[in-house]
Amino acid sequence: MNWVRGDSLGHGTFATVNIVVPANGSTFFPSPAAVKSSLSHNAGLLENEKEILSRLGSSPHIINCLGHDHTIENGVEFYNVFLEQAAGGSLADQVKKHGGSLPESFVRRCTRSIVEGLRHIHEHGFVHCDVKLQNVLVFDNGKVKIADFGLAKEKGEKHGKCECRGTPLFMSPESVNDNEYEPPADIWALGCAVVEMATGKPAWDIRDGSSIWSLLVRIGVGEELPKIPEDLSEEGKDFLGKCFVKDPTKRWSAEMLLKHPFIKVDSISFDKVHEPLSPPSPSTHFDFPHWASTVTASLPSSPYSDEWPGWSCTPESRLRRLVTDKRPENWSELDGWMRVR
Numbered sequence: 131m132n133w134v135r136g137d138s139l140g141h142g143t144f145a146t147v148n149i150v151v152p153a154n155g156s157t158f159f160p161s162p163a164a165v166k167s168s169l170s171h172n173a174g175l176l177e178n179e180k181e182i183l184s185r186l187g188s189s190p191h192i193i194n195c196l197g198h199d200h201t202i203e204n205g206v207e208f209y210n211v212f213l214e215q216a217a218g219g220s221l222a223d224q225v226k227k228h229g230g231s232l233p234e235s236f237v238r239r240c241t242r243s244i245v246e247g248l249r250h251i252h253e254h255g256f257v258h259c260d261v262k263l264q265n266v267l268v269f270d271n272g273k274v275k276i277a278d279f280g281l282a283k284e285k286g287e288k289h290g291k292c293e294c295r296g297t298p299l300f301m302s303p304e305s306v307n308d309n310e311y312e313p314p315a316d317i318w319a320l321g322c323a324v325v326e327m328a329t330g331k332p333a334w335d336i337r338d339g340s341s342i343w344s345l346l347v348r349i350g351v352g353e354e355l356p357k358i359p360e361d362l363s364e365e366g367k368d369f370l371g372k373c374f375v376k377d378p379t380k381r382w383s384a385e386m387l388l389k390h391p392f393i394k395v396d397s398i399s400f401d402k403v404h405e406p407l408s409p410p411s412p413s414t415h416f417d418f419p420h421w422a423s424t425v426t427a428s429l430p431s432s433p434y435s436d437e438w439p440g441w442s443c444t445p446e447s448r449l450r451r452l453v454t455d456k457r458p459e460n461w462s463e464l465d466g467w468m469r470v471r
């Protein structure tokens, strides 16, 4: 494949996202396309994403993977995954662009697409494990698609007893209490995402100085549930009530939710969003605490720390950052294009 690494669309501790520009008349890539890259020796999550996207097959509600390769750039080996580019960035970007919340008609349409995507994922035997607005991308035709499958897993796949997987603000009670990450956990996270679309705020009311541990206790212990927006329609409130059920066996599935009046096809408009889209910014995390997606056996004491970027890393490296001042390596922004082969 002949391609040129174009402008940066975003970056994390272990991966970058850039525009792909076909080189030397290459017709391999549709336009536009993006490349997500990690250092080859630390590309486990990106390799997992490529594998799961390949096994999921095509869906109009899931980001399309265009292939992968390895490159040597300035003497360093990278693993690259090619994806279709979302001109509108993420739903998180759209919330900021619209002043902190989205119109309910748009929320309904976006939610319908996300649930369609989750049904496809669950029917094919997988769990996304990190559903949130930053991982739902918006295209210039107004469609939205689920992206970022680095933390995704097969249904029934077991993990370590002390592992924390995903983003704490979106974790389900069974994930906190029993380390259980199955399709119902995605539905709980979906509910949290709908609340953020409608209000621009997290589903859980948190204060400065709050610890992640206190949040996890609230999620896992007692009867407290995420706050359902008062301004949402009765259909919307009922939809969220079906997502926020403590018992995962009683929580509605994606298949069931598709029949709910809040997102039934005949009750919502699928017209294109006509307003200009903001520039993409895949790493945006609102103006809230940067509680990052993670697979780790350790958690920071406070959510209000800058040291937890939106990409996963190993328990060892997270522990090192807890007890020292060592910061992760930051890849510098490219000033121009670099030819790779």
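Per my numbering, the very first residue in the sequence shown carries number 131; after that it's consecutive.
Where is the CB? At the ideal position from N, CA and C, for every residue including glycine.
Query: Smallest Cα separation from T146: which of S167, M131 and V134?; Result: S167
Query: Where M543 and N154 are concerned, what is the direct C-alpha to C-alpha distance, given to the nearest angstrom?; Result: This structure does not reach residue 543, given that the chain is present from 131 up to 471, and the question cannot be answered.
Query: Contact between the region 243-253 and the region 270-280 is defined here as three or more beta-carbon pairs at a separation below 8 Å; is this criterion met?; Result: yes
Query: Ignore the nearest five residues each way along the sequence and tell me which others in G136's own chain have a CB closer than 8 Å to its CB.; Result: N148, I149, V150, V151 and W467
Query: Which residues does DSSP list as the beta-bridge partners of L267?; Result: S220 and K275
Query: Starting from the Cα of S231, find the closest Cα among H191, V347, F144 and L263 and give me that residue.; Result: L263
Query: Between L367 and the rest of its own chain, which residues show a CB-CB distance below 7 Å, the 5 nearest in sequence each way excluded?; Result: Checking the displayed sequence, the identity of residue 367 turns out to be Lys instead of Leu. Here the set comprises I358.
Query: Going by DSSP, what residue range makes up the alpha helix (DSSP H) through W343?; Result: I342 to G350
Query: When you compare only the Cα positions, how much space is there between K283 and Y209?; Result: 20 Å
Query: Is the distance from the Cβ of G330 to the Cβ of L370 below 7 Å?; Result: no
Query: Just how far apart, CA to CA, sit L176 and L183?; Result: 11 Å
Query: Check G440 in the structure and name its three-state DSSP category.; Result: The predicted position of G440 is uncertain, since its pLDDT is 36 and thus under 50; no value can be drawn from it.
Query: What residues in its chain sit with their C-beta under 8 Å from that of Y311, if we drop five residues either side in the sequence?; Result: V257, C259, K283, H289, R295, G296 and S305
Query: Can you tell me which residues form a DSSP beta bridge with A163?; Result: V150 and E214
Query: Here's the rule I'm using: 16 or more other beta-carbon atoms within 10 Å means buried, otherwise exposed. How should R448 be labelled?; Result: Interpretation of R448 is limited by its pLDDT of 45, a score under 50 that renders its predicted location unreliable; the figure taken from the coordinates is listed afterwards. Flag for R448 reads buried.
Query: Would you check if the distance between the CB atom of G218 and the CB atom of V268 is smaller than 7 Å?; Result: yes
Query: Taking C-beta to C-beta, are I349 and P313 nearer than 7 Å?; Result: no
Query: Mind reading off the beta-carbon distance from S383 to I342? Whole number of angstroms is fine, and I expect it under 8 Å.; Result: Contact flag wrong, Cβ pair sits at about 29 Å.
Query: Put F392 into one of helix, strand or coil per three-state DSSP.; Result: coil
Query: Compare the C-alpha of H141 against each of E365, F159, H200 and V165 and name the closest.; Result: V165
Query: When burial is assigned at 16 or more other CB atoms within 10 Å of the CB, is H191 buried or exposed?; Result: buried
Query: Using a Cβ cut-off of 7 Å (strictly closer), state whether W382 contacts chain B.; Result: You won't find chain B in this structure, because it holds only one protein chain.
Query: Where F144 and G280 are concerned, what is the direct C-alpha to C-alpha distance, given to the nearest angstrom?; Result: 12 Å
Query: Among L248, F159 and V225, which residue has its Cα nearest to the Cα of V237?; Result: V225
Query: Give me the residue from N204, L196, V351 and D278 with the minimum Cα distance to F159.; Result: L196
Query: Is V266 near L221, with beta carbons less than 7 Å apart?; Result: yes
Query: Please list, in chain order, all residues of the same chain as N194 whose beta carbon is under 6 Å from its beta carbon, the five residues on each side excluded.; Result: E214
Query: In this structure, does DSSP put R337 in helix, strand or coil?; Result: coil
Query: Please list the terminal residues of the continuous beta strand (DSSP E) segment that includes C195.; Result: C195 to E203
Query: Considering only residues of the same chain and omitting the five flanking positions on each side of D417, which have a CB-CB separation below 7 Å?; Result: Low per-residue confidence applies at D417: pLDDT is 35, beneath 50, and the placement is therefore not dependable, though the value from the model is reported in the following sentence. Correct list: empty, nothing qualifies.
Query: Which residues bound the alpha helix (DSSP H) around L370?; Result: E364 to C373
Query: State the beta-bridge partners of I192 as determined by DSSP.; Result: I276
Query: Apply the 10 Å Cβ neighbour rule to V206 and answer buried if 16 or more other Cβ atoms are within range, or exposed otherwise.; Result: exposed
Query: Name, in chain order, the residues that DSSP records as bridge partners for G140.; Result: V147
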